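This report refers to the structure that appears directly beneath it.
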Amino acid sequence: MSYTVAALVGVAAALALDLVVLRTRLVTRKSFWVAYAIIVTFQLVSNAVLTCRGVVTYRTAVIIGLRIACAPVEDLLFGFSLVLQTLVWWVWWGRRSGAGRSGAGRSGAGRRGPGRSGAGRS
Amino acid sequence: MRATYLIVLGVCFLGTLPLEVVLRTRVYRRPRRLLLSLAPVLLVFLGWDVWAIGSHQWGYDLRQMSGVVLPGRLPLEELLFFLVIPACAILTLEAVRVVRGWPVGDEPAPPADDAGGGTGPARLPDAR
Chain H
1 MSYTVAALVG VAAALALDLV VLRTRLVTRK SFWVAYAIIV TFQLVSNAVL
51 TCRGVVTYRT AVIIGLRIAC APVEDLLFGF SLVLQTLVWW VWWGRRSGAG
101 RSGAGRSGAG RRGPGRSGAG RS
Chain U
123 MRATYLIVLG VCFLGTLPLE VVLRTRVYRR PRRLLLSLAP VLLVFLGWDV
173 WAIGSHQWGY DLRQMSGVVL PGRLPLEELL FFLVIPACAI LTLEAVRVVR
223 GWPVGDEPAP PADDAGGGTG PARLPDAR
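Here the protein sequences come in this chain order: H and U. Here the first sequence is numbered in the numbering used here, starting from 1 and rising by one per residue. Here the second sequence is numbered in the numbering used here, starting from 123 and rising by one per residue.
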C-alpha cells in the first residue's frame, strides 16, 4: 500500500470515527476548522524545516510526487487524520465525563446560564 | 545539526504552553483526559510509522537527529512527535474555544428550563 493510499484511508478512518463511530461531528464545527487552519500552518513550517533539510525523506515510488513545503502532499492528509482523530477523542472523553468546559474538579452540571462563552474564563 | 527535529518539537511544545497558562485552556490540567485522548492516536500512528519505516516508505537522517532509535526502528523523535503534536492540536482547539466561544461538542446540554441560551444543538450521547 503506498503512502498515498494509506493517507487516504487515514482520512477516511478519521472521518468515520468523527461522524459515525463516536459521532463527535467535529468536521461540522467552526471551532475545528479554525483550529485546523492554525495547526496546518505550523505543519507546513515544520515540514519545511524537516523535509527541506532532509531530516525526513520519502521514497518517490510511494507518493504521487506533488510536494508542498518540501513534503509530499500525502503528509497533509496524514496530518489531517492525526489532528482529527486526536480532537475527536478529546471531545468524546469530555462528553463522557461531562466536564466540557474548564473541567478541573467541576462536573459541568449546567452551572452556567445562557451565553456560555467557553472554557477557562470563569 | 542533531537537534533539528527536537527543536521543532520544542517550539511546538513551548509555543503552545502560553495557551495553557494565559488562556487557561486547562489541557495539561486535565491529564487523564489528555492521556486518554493521546493513547489511541499514539497506538494508530506509531503503528503506521513503524510499518512505513519497515516498508521503506519514508526514512530518517539519524545524523540530524538524536540517534536514539526505539524498537521497530522508530526514532525517539517520532515517539515525541506523536505526543507533542496531538497535545498542541488539543491546546489549539481549546484556545479557539476560549477566544471565540464556539462550541466543540462536549458542552453539557443546557438545563431543561433554559430556553435555548446555548450556542448549538443540545446533544447528549445517551439520548441515542
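Beta carbons are placed, not taken as given, at the ideal position from N, Cα and C, and that holds for glycine. No experiment lies behind these values; they were computed from the predicted model shown.
- For the segment 55 to 69 of chain H, the residues whose beta carbon sits under 7 angstroms from a beta carbon of chain U are, in order, 55, 56, 57, 58, 59, 62.
- Short of 6 angstroms from the beta carbon of residue 138 (chain U), and not among the five residues preceding or following it, lie these beta carbons of its own chain, in chain order: 210, 213.
- In this structure, DSSP gives residue 67 (chain H) an extended state, which the three-state scheme calls strand.
- In chain order, 215, 226 make up the part of chain U whose C-beta sits under 8 angstroms from the C-beta of residue 32 (chain H).
- In the three-state reduction of the DSSP assignment, residue 147 (chain U) falls in the coil class, being assigned neither a helical nor a strand state.
- Look at residue 57 (chain H) here: in three-state DSSP terms it is strand.
- Considering only H:58, H:86, H:28, H:34, the residue with the shortest C-alpha distance to residue 227 (chain U) is H:28.
- Between residue 76 (chain H) and residue 26 (chain H) a beta carbon distance of about 17 angstroms is seen, past the 8 angstroms cut, so the two are scored as non-contacting.
- Per the DSSP secondary-structure output, residue 180 (chain U) pairs in a beta bridge with H:58.
- Residue 20 (chain H) and residue 12 (chain H) have their C-alpha atoms spaced approximately 11 angstroms apart.
- Using a CB distance below 9 angstroms, the part of the segment 157 to 178 of chain U facing chain H consists of 158, 159, 160, 161, 162, 163, 166, 167, 170, 173, 174, 177, 178, ordered along the chain.
- Boundaries cannot be given for residue 185 (chain U), as no alpha helix (DSSP H) includes it and DSSP labels it neither H nor E.
- Looking from the CA of residue 56 (chain H), the closest CA among U:162, U:203, U:156 belongs to U:203.
- Take the alpha-carbon of residue 135 (chain U) and the one of residue 156 (chain U): they are about 14 angstroms apart.
- From the beta-carbon of residue 6 (chain H), the residues of chain U found nearer than 9 angstroms are 170, 173, 174, 179.
- Residue H:51 holds the alpha-carbon nearest to the alpha-carbon of residue 67 (chain H) among H:51, H:82, H:81, H:80.
- Within a 10 Å sphere around the beta-carbon of residue 187 (chain U) sit 16 or more other beta-carbons, which makes this residue buried.
- Against chain H, the CB of residue 150 (chain U) has no partner CB under 8 angstroms away; the residue lies outside that interface.
- In the three-state scheme derived from DSSP, where H, G and I count as helix and E and B as strand, residue 192 (chain U) is classed as strand.
- At a Cβ-Cβ threshold of 8 angstroms, residue 36 (chain H) and residue 179 (chain U) do not count as neighbours.
- As the crow flies, the alpha-carbon of residue 131 (chain U) is around 20 angstroms from that of residue 175 (chain U).
- With a contact defined as Cβ atoms closer than 8 angstroms, residue 31 (chain H) and residue 219 (chain U) qualify at about 6 angstroms.
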